[in-house]
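Under my numbering, the first residue of the sequence shown carries the number 8, and numbering increases by one thereafter. Glycine residues also receive a C-beta, built at the ideal position from the N, C-alpha and C atoms. Report on the following structure.
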Amino acid sequence: MAPALPAQPSSSRPRRALLLLLLVLEAGALGWVGIRSVLAFGDKEVTLINMGLPMIRAAIRARRHRRQMAPAVLQAGLGGFMMRKAMEKAESAEDRTAWEAWRAKLMMNVGASLAESAGSDLEFRMDLGPVWMVTQAGKVHWKLGLHGSLAPLLNRTDGARVSWPQSLRYGTLAFQRERNADGTIGHRGALAYSNANNFITNDRGHHAGHELIHTFQYRRDVFLSPRLTRLWPGLADRLDEVWFDDTGWAVNWSAQCLWAKTTGANRDFEIPMEKEAYYLADHIQF
Ligand SMILES: [Zn+2]
């Protein structure tokens with residue numbers, strides 16, 4: 008594998024233009040999914056999000072890093088295929104053994120690592136609750152996710168309690184709360200819900216498969232969605248060695264909720280993130 012070329016000051020303008028092109032392409036594709044999702048959401052949309060977008064991104068990265076484009080696109084396609092398969096496995100995790108859930112999680116992280124590093128040096132990154140394992144230049148680093156650290160604290164203050172057996176079973180922080188009289192939990196009438204890298208269910212762990220898919224979306228959005236350090240580049244300099252920017256899911260989810268608010272759609276069922284989870288976990292075709 009060719010070493011990365013040193014940054015050229017004169018290349019910053021084309022790089023910015025390519026970044027802009029990437030954002031426009033992603034926004035266009037997501038917009039297309041958003042518009043189509045009003046009408047339908049199925050196999051094509053899941054393939055576009057998990058394989059199409061990473062392949063477009065890999066082509067642009069390969070060009071930026073002066074690597075061969077075809078292997079990068081193929082690598083991203085393979086990674087995307089693995090992410091998709093992992094999500095399909097997550098769907099049945101509730102009825103399977105812990106080993107099956109961990110296999111799905113490992114497959115998701117290998118797939119996401121292949122897809123996100125396509126067009127540059129291969130690196131492996133994996134989330135384990137609030138902690139991230141990140142390889143860089145052959146060395147392993149342990150970091151804390153910005154969102155991944157804050158979200159569990161918010162869950163605790165909101166009255167949820169950590170379930171260690173469920174957390175170990177699914178490989179991500181799982182919380183439980185008491186059921187309301189109508190069988191829902193929390194304040195929004197949900198049967199279960201996710202807060203990016205963790206999820207909250209009732210005391211029986213019902214609907215964990217659907218929520219596990221949201222945690223896999225969180226892993227994917229770490230690289231596929233705009234994130235805080237992209238929207239606010241000055242923040243990247245302030246994050247020291249300890250912190251990792253895992254805010255892509257929150258940015259993506261907020262954008263989709265804003266879209267729902269402006270179009271009158273229901274954010275609990277009609278945004279692409281929810282439709283993807285319902286399609287994969289509950290086999291609901293929109
Ligand atoms: Zn959901």
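Are the Cβ atoms of glutamate 123 and phenylalanine 230 separated by less than 8 Å?
-> Judged by beta-carbon spacing, phenylalanine 230 lies within the 8 Å limit of glutamate 123, meaning their Cβ atoms are closer than that value.
Going along the chain, which residues of its own chain have a beta-carbon closer than 6 Å to the beta-carbon of proline 200, five neighbours each way excluded?
-> The amino acid occupying residue 200 in the given sequence is tyrosine; proline does not appear at that position. Cβ neighbours of tyrosine 200 within its own chain (closer than 6 Å, five residues either side excluded): Ile207.
Coil, strand or helix - alanine 47 by DSSP | Alanine 47: coil per DSSP, three-state reduction.
Taking only the alpha-carbon atoms, compute the straight-line gap between tyrosine 225 and glycine 152 and give it to the nearest angstrom.
-> Their Cα atoms are separated by approximately 11 Å.
Taking only heavy atoms of ligand 1 into account, decide whether any of them is closer than 7 Å to the Cβ of histidine 72.
-> Result no, Cβ not under 7 Å from ligand 1.
Report all residues from its chain with a CB closer than 8 Å to the CB of alanine 11; omit the five preceding and five following residues, and keep chain order.
-> Because alanine 11 sits at a pLDDT of 41, beneath the cut-off of 50, its placement in the model cannot be relied upon, and the following sentence gives the value as read from the coordinates. So the qualifying residues of the chain are His72, Ser127, Asp128.
Can you tell me whether proline 172 is buried or exposed, with buried defined as 16 or more other CB within 10 angstroms of its CB?
-> With a threshold of 16 other beta carbon atoms within 10 Å, proline 172 falls short and is exposed.
Short check: CB of alanine 288 to CB of histidine 217, under 8 Å?
-> Going by C-beta atoms, alanine 288 is nearer than 8 Å to histidine 217.
Tell me which same chain residues have a C-beta within less than 8 Å of the C-beta of threonine 191, skipping the five on either side of it?
-> Same-chain partners within the cutoff: Ala197, Leu198.
Can you find a heavy atom of ligand 1 that lies under 7 Å from the Cβ of glutamate 101?
-> Taking non-hydrogen atoms of ligand 1 into account, the C-beta of glutamate 101 is found less than 7 Å away from none of them.
Continuous alpha helix (DSSP H) stretch holding histidine 148: start and end = Where histidine 148 is concerned, there is no enclosing alpha helix (DSSP H), although the beta strand (DSSP E) it sits in stretches over 146-152.
Can you give the Cα-Cα distance for leucine 121 and glycine 86, rounded to whole angstroms?
-> Cα to Cα, leucine 121 sits roughly 5 Å from glycine 86.
Any 3 or more C-beta pairs closer than 8 Å across the segment 253-260 and the segment 152-164 | In short, these stretches touch, since the Cβ pair count reaches three.
Is the beta carbon of leucine 32 less than 8 Å from the beta carbon of isoleucine 63?
-> Against a cut-off of 8 Å, the Cβ pair of isoleucine 63 and leucine 32 comes out as a contact.
Pair within 8 Å by beta-carbon distance, arginine 114 and methionine 140 | Checking the sequence, you will find methionine at residue 114 rather than arginine. No, Cβ-Cβ distance for methionine 114 and methionine 140 is not below 8 Å.
Classify serine 201 as helix, strand or coil using the three-state DSSP reduction.
-> Looking at serine 201 - three-state DSSP - the assignment turns out to be strand.
Which of the three DSSP states, helix, strand or coil, is assigned to leucine 191?
-> The question names leucine, but residue 191 in the sequence shown is threonine. Judged by DSSP in its simplified three-state form, threonine 191 adopts coil rather than helix or strand.
For aspartate 228, name the three-state secondary structure that DSSP assigns.
-> Aspartate 228 falls in the helix class under three-state DSSP.
So, are the CB atoms of alanine 69 and methionine 58 less than 8 Å apart?
-> For alanine 69 and methionine 58, no; Cβs fall outside 8 Å.
Since leucine 96 contacts glutamate 107 with CB under 8 Å, what's their CB separation in whole angstroms?
-> Sequence check: residue 96 is lysine here, not leucine. Contact between lysine 96 and glutamate 107 holds: their C-beta atoms lie close to 7 Å from each other, under 8 Å.
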